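Report on one structure; see the data block that follows.
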Amino acid sequence: GLQAARNEFYRGSIAKTLVDGSARVGGLLSMDDLANYQSQFSPPVSSSFEGYGISGHDTWTQGPMLQQTLNILEQFDLRTIGHNSPEYIHTVTEALKLVFGDREAYYGDPEFAEVPIDGLLSKAYAVERSALIVPERAIPEQAAPGEPWRFSNASGIAPARKGAAQASHGVTDPSSAEGTTHVSVLDNHGNMVCSTISGGAFAKSVFFPDLGCALSTRIEMFNCEPGHPNVVEPGKRPRTTLINYIVSKDGKPVMTIGCPGGENQAQANLQLVLNVLVFGMDPQQAVEAPRFASQNVENSFYPHVYLPGQLDLEPGIPESTAEALAAKGHVIARTATCGLGATVSVRDPQTGNLSTSGDPRRSCYALGL
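The opening residue of the sequence shown carries number -3 in the numbering used here; numbering runs sequentially from there.
Spelled out as structure tokens, the structure:
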């Protein structure tokens, strides 16, 4: 049965093929590594925004970035500021920069690291962080983390800081966008499942012709700073970029959201949520609306490109907006996509009607069966 199939994969001939292939290229994978692996089923990390519940993954991903950023943005009247206006893009981008600073300092596998998740998601902490956003001036470098332990019921200290990132002159490894797919499934009973599946970048993985599969490259997302929550350790999950969310109303799920794209996942998912919950867009409008993404953080994928102050804008954002953002200190770069393959799927809690979307930025399908 299923247990026999699992044993064959994690303890049998398939495991041996994986371990032998890893050894041939200098890898460290062992039979014990596979035999001791167990999938984890953990409660979601949840918060509220505009009367909705937002549930996502814990800090072994960048998942709580969405809730942290929404908490900060609750301090601003986004509807009055106006969708994709220079002031709107600036405010959202600066909030993201602050949360990226926290991600780099505090996020890691909670099975191994003390993470002040209640402090990070504290509304009072968000108020404190929001005061750092200056309307006319962009944060020029990777933002410093805050002090969420002061808002936590646990006690701890700021972890060892990573060494200062050095500005890069290259571009992010394009293969980092190749290996990820997002799938959302909704049924007529109100059930929702969303999953963002990825082994990393196929182009730099070890491939096994006999098995038709490749090893994950996500180990590149660890760092080597002693004492850091995301320092590499045996049996530990690297802090990945993979995320997706279920949005609920009055305790019932009403929407799933997900978008592949590495560092841009957190930023695209945020914009999708704002497009629907703040600006009232339907799923297709929310997905097609032009997006933007900050590169003002050290990229999670090797070679960890860091482009201080850079703000990527999709073609649908007008040049006049780009000029206004540049005047605030953003280093503008035009790019074809900021996150690709996004999906927003909604169930109307009153009628039970389902609606979904397909992102034109890459092959993406919306099906009703």
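Idealized CB from N, CA, C, for every residue including glycine. Remember, it's a predicted structure, so these values are computed and weren't measured experimentally.
The continuous alpha helix (DSSP H) containing residue 64 extends over residues 60 to 69. Residue 318 holds the alpha-carbon nearest to the alpha-carbon of residue 327 among 318, 87, 53, 3. Between residue 46 and residue 36, the alpha-carbon positions lie close to 31 Å from each other. Membership of residue 5 in any beta strand (DSSP E) is not indicated; the residue belongs instead to the alpha helix (DSSP H) covering -2 to 6.
In the DSSP assignment, residue 189 falls within the beta strand (DSSP E) that extends over 188 to 194.
Collapsing the DSSP output to three states places residue 50 in a strand. Rounded to the nearest angstrom, the gap between the Cα atoms of residue 182 and residue 192 is 15 Å. DSSP places residue 89 in the uninterrupted alpha helix (DSSP H) bounded by 82 to 102. For residue 178, the closest C-alpha among the options 11, 363, 336, 9 is that of 336. Put simply, the region 276 to 294 touches the region 131 to 144. At least three CB pairs are less than 8 Å apart. The beta carbon of residue 280 is closer than 6 Å to those of 353 in its chain, skipping five residues each way along the sequence.
The alpha-carbon of residue 8 is positioned some 12 Å away from that of residue 16. Rounded to whole angstroms, the Cβ separation of residue 218 and residue 258 is 16 Å, and the two are not in contact under 8 Å.
Counting only runs of 3+ residues, the beta strand (DSSP E) found wholly inside the region 225 to 250 occupies 240 to 245, in chain order.
Just so you know, the alpha carbons of residue 311 and residue 324 end up roughly 20 Å apart. The DSSP-derived three-state label of residue 353 is coil. For residue 266, same chain residues with a beta-carbon under 6 Å away, outside a window of 5 residues either side, are 62, 65 in chain order. One thing to note: residue 60 has its Cβ no nearer than 8 Å to the Cβ of residue 129. Counting only runs of 4 or more residues that sit fully inside the region 279 to 348, the alpha helix (DSSP H) segments are 279 to 284, 315 to 323, in chain order.
Apart from sequence neighbours up to five positions away, the residues of its chain that approach residue 226 with a beta-carbon distance below 8 Å are 103, 104, 105, 109, 217, 218, 219, 234, 235, ordered along the chain. Secondary structure note for residue 25: it is in no beta strand (DSSP E), with a DSSP letter that is neither H nor E. About 7 Å separates the beta carbons of residue 14 and residue 204, which is inside the 8 Å limit, making them a contact pair. Counting only residues of its own chain and dropping the five nearest sequence neighbours on each side, residue 349 has a CB closer than 8 Å to the CB of 343. Under the three-state reduction of DSSP, residue 43 is assigned to strand. Using a Cβ distance threshold of 8 Å, residue 52 and residue 40 count as a contacting pair.
In the DSSP assignment, residue 126 falls within the unbroken alpha helix (DSSP H) covering 119 to 126. Ranked by how close their Cα comes to the Cα of residue 1, the residues 146, 26, 21, 31 have 31 in first place. In this structure residue 306 touches residue 329 by the C-beta definition: roughly 5 Å separates them, less than 8 Å. In the assembly as shown, residue 86 is a buried residue. Its beta-carbon has 16 or more other beta-carbons within 10 Å. Boundaries of the alpha helix (DSSP H) around residue 269: 260 to 273.
Under the three-state reduction of DSSP, residue 133 is assigned to strand. Taking all protein chains in view, the Cβ of residue 359 is surrounded by fewer than 16 other Cβ atoms within 10 Å, so the residue is classified as exposed. Annotation for residue 213: no alpha helix (DSSP H) segment contains it, and DSSP assigns it neither H nor E. Residue 153 is classed as exposed because its beta carbon has fewer than 16 other beta carbons within 10 Å across all chains shown.
Around the CB of residue 76, fewer than 16 other CB atoms lie within 10 Å, so the residue is classed as exposed.
For the 8 Å CB-CB criterion, residue 260 and residue 209 do not form a contact.
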